[in-house]
Amino acid sequence: MILWGLVVGALFGLFAADFEQYGMILGAIVGAGAGWGLRAAVRAEVRAMLADRGGEAASVPAEPAERGGVRIVNETAAPRPTVEAPAPAEPERPQPPTVVRLPEWPAAPAAPAEPAEPGIVERGFAAARDWLLGGNTIVRAGLVVLFIGLAFLARWAAGAGLLPIEARLALVAAAGIALLAVGFNRRTARPGFALALQGGGVAILYLTIFAAAALYPILPLPAAFALMVLVCAAAVALALLQDAQGLAAAAFAGGYAVPLLLGGDGGPVAVMFGYHLLLNLGVLALAWKKAWRSINLIGFAATFGVAMLWGATSYRPQDYAVAQPFLIVSVLIYLAIAILYARNSESRAGRFVDSSLLFGTALAGFGLETGLVAAFDYGAAFAALGFAALYLGLAVAVRRRGGDGYRLLAETMLAIGVGFVTLAIPLALGARWTGSAWALEGAGAFWVGMRQARWMPRAFGLLLQGVAALMFLALLESGPQALPIVNPVFLTGLLAALPALLTAWWLRLPPLPHSGSRPARAYAGVEAMLGKPVFLAGFLLWSLALIAEICRTMPSPVAGGGAVPVFAAATQQLLTMVALVASAWVAALVGRRLRWEVATWPGRVTLVVLAGTWIGQAALNHHVLYHPGWIAWIVAVGLHLHLLHANDHDAEGAGQRLLQRLGHVGGVWLAVALIADALWLGIDRAALWDSSWAGVVFLVAAVAVLALLAVWAGGAARRPAGERRWPLDRHLAGYHAQAALPVAALVYGGSLAAALLAEGDSAPLPYMPLLNPVELTLALALAVLVLWRRSLIAVAPPYAGFGWVGGRGAWMALAGLGFVDVNMLWLRFAHHYLGVAWDADALLGSAVVQAGLTILWTLLSLGLMLFAHRRAQRGVWIAGAALLVVVVLKLFFVDLSNASGGARIVTFIVVGALMLVVGYFAPLPPRGDESKDAETKEAAA
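Numbered according to this note's numbering, the sequence shown spans residues 653 to 1593.
1. Please go through the same chain and pick out, in chain order, the residues whose beta-carbon is closer than 6 Å to the beta-carbon of G1315, but skip the five residues on each side of it.
2. Looking only at DSSP bridge pairs, what is L1178 linked to?
3. On the criterion of 16 or more Cβ atoms from any shown chain inside 10 Å, does G1012 qualify as buried, or is it exposed?
4. Is the Cβ-Cβ distance between A1027 and L1079 less than 8 Å?
5. Out of curiosity, what's the CA-to-CA distance linking I1530 and M1517?
6. Take F1072 and list the residues in its own chain whose beta-carbon comes closer than 6 Å to its own, dropping the five residues that flank it on each side.
7. Return the chain-ordered ranges of every alpha helix (DSSP H) run that is complete within the stretch 934-971 and spans a minimum of 4 residues.
8. Touching or not, the stretch 1328-1339 and the stretch 1362-1370, by the rule of three or more beta carbon pairs under 8 Å?
9. If we count the other Cβ atoms within 10 Å of its Cβ and call it buried at 16 or more, is V1348 buried or exposed?
10. I'd like the list of long-range same chain contacts for P713, defined as Cβ closer than 7 Å, with 5 residues on each side in sequence excluded.
11. Excluding sequence positions up to five away, which residues of its chain have a Cβ less than 6 Å from the Cβ of V1287?
12. Can you give me the Cβ contacts of V1216 inside the same chain, cut-off strictly under 7 Å, excluding the 5 residues immediately before and after it?
13. Exposed or buried, W1090, counting other C-beta atoms within 10 Å across all chains shown (16 or more means buried)?
14. Please report how far the alpha carbon of A891 lies from the alpha carbon of L873, in whole angstroms.
15. Output the boundary residues of the alpha helix (DSSP H) element that contains T1144.
16. Report the residue from A994, D1029, S997 and G963 whose alpha carbon sits nearest the alpha carbon of A1016.
17. Mind checking which residues open and close the alpha helix (DSSP H) that includes T1228?
18. For L1437, which residues from the same chain have a beta carbon less than 7 Å from its beta carbon, with the 5 sequence-adjacent residues on both sides left out?
19. Here's the rule I'm using: 16 or more other beta-carbon atoms within 10 Å means buried, otherwise exposed. How should L1541 be labelled?
20. Measure the alpha-carbon distance for A1105 versus A1236 and round it to whole angstroms.
21. Would you mind sorting G1487 into buried or exposed? The rule is 16 or more other CB atoms within 10 Å of its CB.
22. With a threshold of 8 Å, are at least 3 pairs of Cβ atoms found where one atom belongs to the stretch 981-993 and the other to the stretch 935-948?
23. May I ask which residues mark the beginning and end of the alpha helix (DSSP H) holding S1167?
24. Please report the straight-line C-alpha distance between G957 and A973, rounded to a whole angstrom.
25. Starting from M1065, follow its DSSP beta bridges and name the residues at the other end.
26. Determine the direct distance from the alpha carbon of L1422 to that of H1292, and round the result to whole angstroms.
27. Tell me whether N1273 is buried or exposed, calling it buried when 16 or more other Cβ atoms sit within 10 Å of its Cβ.
28. Taking the alpha carbon of D1056 as the reference point, which residue from Y967, A994 and I1283 has its own alpha carbon closest?
29. Spatial neighbours of L1196 within its chain, please: C-beta separation below 7 Å, excluding the five flanking residues on both sides.
30. Could you tell me the distance, in whole angstroms, from the CA atom of A830 to the CA atom of F836?
31. Please classify D1302 as buried or exposed, where buried requires at least 16 other C-beta atoms within 10 Å of its C-beta.
32. Using only CA atoms, which one of L1246, L1066, M1476 and V1119 lies nearest to L1092?
33. Out of curiosity, what's the CA-to-CA distance linking L1505 and N1424?
34. Going by CA-CA distance only, name the one from I1445, L1351 and D1413 that's closest to H1388.
35. On the criterion of 16 or more Cβ atoms from any shown chain inside 10 Å, does V1250 qualify as buried, or is it exposed?
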């Protein structure tokens, strides 16, 4: 599997990097890592299957196991093991194995961990060591020595000129035949000794024929070829007769080496392929009877190794007619051998699977096939599809006819077939359509894994969909698209989004079944958390596809011109807003019908879309009332309000309730912004920016919103909770306090700015004190602020975080605003009727203005002190007295220095008279009334 992952990863990396070498290297590294992980997961699955079936196997009496000549039999009767001595026998006859009867032990709870696989060098050394030291070491060492001795004898005879070369080779061949004869004769009495002799005899015959044909030109190549085939066939027959796998391996190894031993170009291509095909059929016939894996691997390595070597060095296009049938037949033969191997080998968990043949045939066969069809259009893609059809068809056939015992084999073939389908897509299509096809394939793999309770197909499906989503994002920006909707950008986005949404629908169910292995349990924990993220990813892909379609460009009608957008930038924003809000509305509707909670989530954040669109429109100087933009706003706001109403009825948890409150509160603020945007357009069209009407219009709108909230929400607050209607039944504090607070701050700041800056120019209306638009608006704003404050104070208990509204600080802030309003009224009067310029230096430097301010402050302090005296509020009286002290200080430090004697005289006389009136009519209230003052100050305010 590591090799499979390495090759597939290299191909994909090469494709993704536009056939650059670094892409192949990176892809190979990633693919090898994925193959390693897949191999580990498969082994864990097999171990889990073995553990699951361990109970079933415990009830079946196992055959005695033979290890090192000792046969172990489980029994329940013997408390102590008894050893039966072997019966005496002749020295030449094989000794029967010692039988050790052990008590019955419970089955192990789990299979031991598999040791790490040795490397190629280690395996080769181990094989040589086992051949030399395993079994009868003396015989095998003797064969080596004998072989060397025969070679020395042949060299000595040649050097001494005793015999001609023909006689010498004949003597060597006779020695090989003698070894075969002796070994075959002793096959019953001494099997190990006999097989060693026969193997040595086969090797001597192969080398003798090789020497006669290649080293000395005494045997024609066709004759040598035929003789080697006969030796191979005879050796295989002897191996079958004696059930000797090693002898058959030696025979086939020599048979496949014949073209190499004889040298030359191997003759015509058809002859060489025909010879290998004949040997492969022999391997297939042997696989029908025996599960000899080494023979299968020898044939596979020789066949595909020679084919690759020939293809890399000698292939010509005219050889296609011969090479293609040979490759097809060879692939079919070794796939059949893999199936036969599974049939002839069985474990408790099912049939063994030769992954080397299954994956090796796929990799080697596909690699050779891509070389053969390189000259054809989409040749590699069709080759991948052909291999996919072959493996998928075999998987279905094996599963149907073989039953549960062939499950692992069928699933392995299915995985390889799916891999070829996946590989065919980028080979046939561009990167954009590849992502879409992988998304669909990923959804299909997830569905198969869900139906079969297998976790690996589901993980593979999610991985494919993730890669498809990344490919769509990487290729989102594209060139002009002439057709609406049916263009690659939108369709690929749609094909990436729909599988994700479908997968999210499957993931909404309780934890999906799996095999119960450790990797499966780990994956199941992750999978259980993916339902909501996968849906949100699918909705995001759908939204991006919509945005890409709305922002689509078309080819320029002028030759050589750039791309032309279908819609203007402002229209793109409005259409995007409507599309996203409508999508969220549809998703919420479906989610409620199907009781799919996550589908309602996009509908809870549509306010963000509306606010973002308004900001974008303002940046483009595009107003809400522009045609036909106002239609888009009506539709989007209407859908948003419907979503607010629906979401309020099924909001669960603190998070959703917080989102709902933010939606209502933010909706009020957005409404204020939209009203201001519309008023801005009206003021601009009426050219009122140079008059006081602009500030008055904005301030009146804010005052109206605050008054509406104070009256509407304040009135609902005085009613019982059961009599309140939506939305105040759930969000009374949100509208009455939280949404109204920024509006109140806006009214306060706007009033302060209008009072300080507004000149009072209300053309075409003449300026009239107290009755002009500026003063009337300021008075209205102050009255509404007081109304809102009183409505909040009336709520019992007060809203959380709004207790300060009834405190002294809020009262002083309102008093300060009123003080500024009154003073600026006098300044505007002086500007319009006394001819003082509307300039800070001119106003503050005017003696008349300063005298008026002094008299005005005195009147204000008189009013405060009279009010405090009648209400017995000592604190208010002290405030008025403090203002009066300021007046006196102003008289001596400001008014006394004025050059105008008349203004100074009038100021001092009026202030002095007013102070006498205060002292007579409003003396300081007694201290005992201070407690009463504290109790009644709220009502007085």
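Positions of the beta carbon are idealized from the N, C-alpha and C atoms, including for glycine.
This is what the structure holds:
1. For the purposes of this step, residue 1315 is taken as residue 663 along the sequence shown, with counting starting at 1. Leaving aside the five residues that flank G1315 on each side, the residues in its chain whose CB is nearer than 6 Å to its CB run, in chain order, L1259 and L1296.
2. Position 526 of the sequence shown, counted from the start, is the residue given in the question as residue 1178. Note that residue 1178 is Val in the sequence shown here, rather than Leu. DSSP lists no partner for V1178.
3. Residue mapping note: residue 1012 aligns to position 360 of the sequence shown, counting from 1. Around the CB of G1012, 16 or more other CB atoms lie within 10 Å, so the residue is classed as buried.
4. Working through the sequence shown from its first residue, we reach residue 1027 at position 375. Working through the sequence shown from its first residue, we reach residue 1079 at position 427. No; because the gap between Cβ atoms is not below 8 Å, this pair is not in contact.
5. As a first step, residue 1530 is located in the sequence shown; it is residue number 878 there, counting from the start. As a first step, residue 1517 is located in the sequence shown; it is residue number 865 there, counting from the start. Approximately 8 Å, taken between the alpha carbons.
6. Numbered from 1 along the sequence shown, position 420 holds the residue referred to as residue 1072. A1036, F1039 and A1040.
7. If we require 4 residues or more, the alpha helix (DSSP H) runs fully inside the stretch 934-971 come out as 945-965.
8. In this structure the stretch 1328-1339 does not lie against the stretch 1362-1370, because fewer than three pairs of beta carbons, one per stretch, are closer than 8 Å.
9. Locating residue 1348 in the sequence shown gives position 696, counting from the first residue. Label assigned to V1348: buried.
10. Within the sequence shown, numbered from 1, the residue matching residue 713 stands at position 61. In this prediction, P713 has a pLDDT of 45, which is less than 50 and means its spatial position is unreliable; nothing more can be read from the coordinates.
11. For the purposes of this step, residue 1287 is taken as residue 635 along the sequence shown, with counting starting at 1. Contacts found: V1230.
12. As a working note, residue 1216 is residue 564 in the sequence shown. Excluding sequence positions up to five before and after V1216, its CB lies within less than 7 Å of the CB of T1205, M1206 and S1208, all in the same chain and listed in chain order.
13. Translated into positions along the sequence shown, residue 1090 becomes position 438. Per the 10 Å Cβ criterion, buried.
14. For the purposes of this step, residue 891 is taken as residue 239 along the sequence shown, with counting starting at 1. For the purposes of this step, residue 873 is taken as residue 221 along the sequence shown, with counting starting at 1. Annotation: A891 to L873 spans about 27 Å, alpha carbon to alpha carbon.
15. Start at 1 with the first residue of the sequence shown, and residue 1144 comes out as number 492. From DSSP, the alpha helix (DSSP H) with T1144 extends over P1140 to L1159.
16. Position 364 of the sequence shown, counted from the first residue, corresponds to residue 1016. Selected option, being the one with the closest Cα: G963.
17. As a working mapping, residue 1228 is identified with position 576 in the sequence shown. Unbroken alpha helix (DSSP H) run through T1228: A1221 to L1246.
18. By one-based count along the sequence shown, residue 1437 stands at place 785. Cβ within range, chain order: A1396, V1399, Y1400 and L1466.
19. As a first step, residue 1541 is located in the sequence shown; it is residue number 889 there, counting from the start. Burial call: exposed.
20. Along the sequence shown, one-based indexing puts residue 1105 at 453. Along the sequence shown, one-based indexing puts residue 1236 at 584. Within the model, the alpha-carbon separation for A1105 versus A1236 is close to 33 Å.
21. Counting from 1 along the sequence shown, the entry for residue 1487 is found at position 835. G1487 comes out exposed.
22. Flag = yes, the stretch 981-993 and the stretch 935-948 touch.
23. For this step, residue 1167 is matched to residue 515 along the sequence shown. Unbroken run through S1167: none, as it is neither H nor E.
24. Along the sequence shown, one-based indexing puts residue 957 at 305. Along the sequence shown, one-based indexing puts residue 973 at 321. Using only the alpha carbons, I get a separation of about 20 Å.
25. The residue you call residue 1065 lines up with position 413 of the sequence shown. When DSSP reads this structure, M1065 sits in no beta bridge, so it has no partner.
26. On the sequence shown, residue 1292 is found 640 positions in, with the first residue counted as 1. On the sequence shown, residue 1422 is found 770 positions in, with the first residue counted as 1. Their backbone Cα atoms lie some 43 Å apart in a straight line.
27. Residue mapping note: residue 1273 aligns to position 621 of the sequence shown, counting from 1. In this structure N1273 is exposed. Its beta-carbon is surrounded by fewer than 16 other beta-carbon atoms within 10 angstroms.
28. One-based indexing of the sequence shown puts residue 1056 at position 404. For D1056, the nearest C-alpha among the options comes from A994.
29. Working through the sequence shown from its first residue, we reach residue 1196 at position 544. Taken in chain order, the residues that qualify are L1128 and G1145.
30. Position 178 of the sequence shown, counting from 1, holds the residue named residue 830. Position 184 of the sequence shown, counting from 1, holds the residue named residue 836. Between A830 and F836, the C-alpha separation is close to 10 Å.
31. Numbered from 1 along the sequence shown, position 650 holds the residue referred to as residue 1302. Exposed, since its Cβ has fewer than 16 Cβ neighbours within 10 Å.
32. Position 440 of the sequence shown, counting from 1, holds the residue named residue 1092. Nearest of L1246, L1066, M1476 and V1119 to L1092, Cα basis: V1119.
33. Counting from 1 along the sequence shown, the entry for residue 1505 is found at position 853. Counting from 1 along the sequence shown, the entry for residue 1424 is found at position 772. So the two alpha carbons sit approximately 21 Å from each other.
34. Here residue 1388 is taken as the residue at index 736 of the sequence shown, counted from 1. Cα-wise, what sits closest to H1388 is I1445.
35. Taking the first residue of the sequence shown as position 1, residue 1250 is located at position 598. Buried, since its Cβ has 16 or more Cβ neighbours within 10 Å.
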